[in-house]
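Here is the structure we will look at.
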Amino acid sequence: MEPRVFDKVLIANRGEIALRIHHACKEMGISTVAVHSTADSDAMHVRLADESVCIGAAPASESYFNTAALLTAATITNADAIHPGYGLLSENADFAEMVSEHGFVFIGPSADHIRMMSDKITAKHTMKRLGVPVVPGSDGAVKDAAAARRLSDAMGYPVLVKASAGGGGRGIKIAESADDIGTAFATAQSEAKAYFGNDEMYIEKYLGRPRHIEIQVLADSHGGVIHLGDRDCSLQRRHQKVLEEAPSPALNAEQRDQIGAQVVEAVGTLGYLGAGTLEFLYENGAFYFIEMNTRLQVEHPVTEMITGIDIVREQIRIAAGAELSYAQDNITFTGHAIECRINAESPVTFTPSPGRISYYHPPGGLGVRIDSGIYAGYVVPSYYDSLIAKLIVHGKTRNEAIMRLRRSLHEYVIEGVETTIPLHQLLCENADFVNGDYDIHWLENFVGPEDQPHAR
Ligand code: MV4
Numbered sequence: 001m002e003p004r005v006f007d008k009v010l011i012a013n014r015g016e017i018a019l020r021i022h023h024a025c026k027e028m029g030i031s032t033v034a035v036h037s038t039a040d041s042d043a044m045h046v047r048l049a050d051e052s053v054c055i056g057a058a059p060a061s062e063s064y065f066n067t068a069a070l071l072t073a074a075t076i077t078n079a080d081a082i083h084p085g086y087g088l089l090s091e092n093a094d095f096a097e098m099v100s101e102h103g104f105v106f107i108g109p110s111a112d113h114i115r116m117m118s119d120k121i122t123a124k125h126t127m128k129r130l131g132v133p134v135v136p137g138s139d140g141a142v143k144d145a146a147a148a149r150r151l152s153d154a155m156g157y158p159v160l161v162k163a164s165a166g167g168g169g170r171g172i173k174i175a176e177s178a179d180d181i182g183t184a185f186a187t188a189q190s191e192a193k194a195y196f197g198n199d200e201m202y203i204e205k206y207l208g209r210p211r212h213i214e215i216q217v218l219a220d221s222h223g224g225v226i227h228l229g230d231r232d233c234s235l236q237r238r239h240q241k242v243l244e245e246a247p248s249p250a251l252n253a254e255q256r257d258q259i260g261a262q263v264v265e266a267v268g269t270l271g272y273l274g275a276g277t278l279e280f281l282y283e284n285g286a287f288y289f290i291e292m293n294t295r296l297q298v299e300h301p302v303t304e305m306i307t308g309i310d311i312v313r314e315q316i317r318i319a320a321g322a323e324l325s326y327a328q329d330n331i332t333f334t335g336h337a338i339e340c341r342i343n344a345e346s347p348v349t350f351t352p353s354p355g356r357i358s359y360y361h362p363p364g365g366l367g368v369r370i371d372s373g374i375y376a377g378y379v380v381p382s383y384y385d386s387l388i389a390k391l392i393v394h395g396k397t398r399n400e401a402i403m404r405l406r407r408s409l410h411e412y413v414i415e416g417v418e419t420t421i422p423l424h425q426l427l428c429e430n431a432d433f434v435n436g437d438y439d440i441h442w443l444e445n446f447v448g449p450e451d452q453p454h455a456r
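In terms of this note's numbering, the sequence shown opens at residue 1 and continues consecutively.
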């Protein structure tokens with residue numbers, strides 16, 4: 001038996017990811033504390049956790065974002081560490097700092113590294129300095145529309161004006177020509193100021209039809225740094241990922257090893273700690289770094305399926321000061337994994353569909369994994385995002401994974417709420433998808449324009 005790294009972990013999240021973290025803790029012999037809003041009393045992870053604390057009202061602003069309530073819950077339950085999951089407070093540097101000031105371990109990177117990566121100009125500048133390829137563009141911030149014009153004229157159009165504090169597609173505008181740059185800069189900047197309270201802007205050459213490929217890394221406090229390969233997350237709508245796969249159908253092993261080695265080198269030099277993801281745009285055989293995520297990601301299971309590595313377990317070990325369980329040499333990528341995000345929403349209009357799940361039959365069998373906290377009788381609350389389950393399939397080849405995905409989606413029954421299962425059923429029959437022939441804009445065309453999605 002390996003020694004237990006923590007006695008008790010508080011899970012500062014909800015839904016499927018709270019359950020996922022609970023699973024890792026229990027398999028490490030760690031007790032769990034669930035925190036929940038009044039709307040989440042009946043959540044599966046709350047039932048399964050060793051202890052639970054109600055931290056506030058249904059709106060996330062009054063519960064999951066309530067740092068005082070979270071720290072109080074950690075204090076009264078005598079937790080050792082706090083896992084923030086994804087979203088919510090997971091990339092909030094001030095929260096990470098607060099957690100350690102109160103004597104708990106934040107299961108994630110240092111507040112300094114979170115802060116560094118939340119500023120996209122600093123993140124890009126840092127990665128460039130460390131030898132990671134970045135999108136050509138301004139060297140740092142662009143102070144006004146006139147400077148934006150001069151730079152873009154020299155670089156050539158189209159260009160993108162981006163907010164340094166940006167995220168989720170906010171504070172980003174395209175300028176097709178010199179005629180647009182003034183308006184693009186002003187619009188993007190005022191949006192950035194309104195949403196993020198930060199109006200620092202930068203400029204990049206616009207890549208027309210890239211794929212979104214990301215590299216998963218893990219780094220411990222003993223100098224151990226590994227990459228777990230890539231994920232292709234190009235299938236998205238309105239900056240929400242819909243389906244992810246590993247490895248990317250666009251890369252060969254040589255390209256994967258090369259970008260992986262560059263990323264490991266950079267992350268090692270940074271002294272980064274924990275799990276992280278470097279996001280790249282990939283076009284015509286070249287990688288361009290855009291952002292780094294300093295948290296566990298929704299799509300981490302596809303990486304787990306092809307590597308056999310429990311990423312949450314490694315995050316917990318790293319936070320406790322233990323060494324990574326793996327060196328790069330003993331990591332192998334086996335087969336292919338695909339994840340479908342199943343949302344409680346209309347598969348045509350994407351309107352949220354909260355409510356009571358009247359019947360539930362999940363698929364199972366070899367190579368099928370479901371990360372979900374839902375069950376028959378569970379009421380999907382209307383207060384939070386609509387992700388209710390992730391169906392992850394693994395196969396020896398991409399083709400086998402697709403066949404397994406089709407049969408699993410056929411078998412999956414969720415009644416009482418609308419779900420995006422029918423969309424996934426159509427998607428995995430589509431010839432472009434089957435051929436791996438898609439980019440970041442492909443899905444928006446597949447589902448039709450925002451104001452008039454078509455039934456296909
Ligand atoms: C880009 C780009 C093309 N060229 N940068 C959108 C939000 C932010 N995360 C980065 N984004 C993009 N940056 C350059 N230089 C296209 C996008 C983009 C995108 C990127 C990843 C996944 C989905 C996307 C959807 C639309 C635009």
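Where a beta carbon is used, it is the ideal one built from N, C-alpha and C, also for glycine.
- Val135 has its Cβ nearer than 6 Å to a heavy atom of ligand 1.
- Annotation for Phe196: the continuous alpha helix (DSSP H) segment containing it runs 178-196.
- Ala111 is positioned such that its CB atom lies no closer than 7 Å to that of Glu91.
- Bridge pairing for Asn284: absent [DSSP].
- Assignment of Thr303 by DSSP, reduced to helix, strand and coil, places it in the helix class.
- In the three-state reduction of the DSSP assignment, Asp310 falls in the coil class.
- Scanning its chain for C-beta atoms nearer than 7 Å, with the 5 sequence neighbours on each side dropped, one finds around Tyr86 the residues Ile17, Arg295, Leu296, Gln297, Val298, in chain order.
- Taking each of Phe185, Pro136, Lys26, Val132 in turn and checking the Cα distance to Val264, the smallest one comes out for Val132.
- Rounded to the nearest whole angstrom, the CA to CA distance from Ile76 to Val379 is 29 Å.
- Residue state for Gln216 is assigned as strand, using DSSP reduced to three classes.
- Ala275 places its beta carbon less than 7 Å from that of Ile311.
- Excluding five sequence positions before and after Ala24, the CB atoms of its chain that fall closer than 7 Å to its own CB belong to Asp310, Val312, Arg313, Ile316, given in chain order.
- When the alpha-carbon of Ala12 is set against those of Ala81, Arg47, Met1, Pro249, the nearest one is in Ala81.
- With a cutoff of 7 Å on beta-carbon distance, Gly137 and Ile121 are scored as not near each other.
- In this structure, Leu278 has its beta carbon at no less than 6 Å from each heavy atom of ligand 1.
- The C-alpha of Gly56 is placed about 41 Å away from the C-alpha of Asp439.
- Not one heavy atom of ligand 1 is found less than 6 Å from the C-beta of Gln425.
- Membership of Glu444 in the alpha helix (DSSP H) is indicated by the continuous run 442-447.
- Judged by DSSP secondary structure, Gly140 falls outside any beta strand (DSSP E); it is assigned neither H nor E.
- Rounded to the nearest whole angstrom, the C-alpha separation of Thr38 and Glu176 is 48 Å.
- In this chain, the alpha helix (DSSP H) harbouring His45 covers 44-48.
- Here the distance from the Cβ of Gln236 to the nearest heavy atom of ligand 1 is below 6 Å.
- Look at Gln452 here: in three-state DSSP terms it is coil, with no helix or strand label.
- Counting the other Cβ atoms within 10 Å of the Cβ of His410 gives fewer than 16, which makes it exposed.
- Tyr64 has its Cβ no nearer than 6 Å to any heavy atom of ligand 1.
- Between the C-alpha atoms of Arg149 and Ala184 there is a straight-line separation of about 10 Å.
- In the DSSP annotation of this structure, His394 is not part of any alpha helix (DSSP H); the continuous beta strand (DSSP E) holding it starts and ends at 387-395.
- Taken from the Cβ of Leu405, every heavy atom of ligand 1 lies 6 Å or farther away.
- In this structure, Ala337 lies near Val302, with their beta-carbon atoms less than 7 Å apart.
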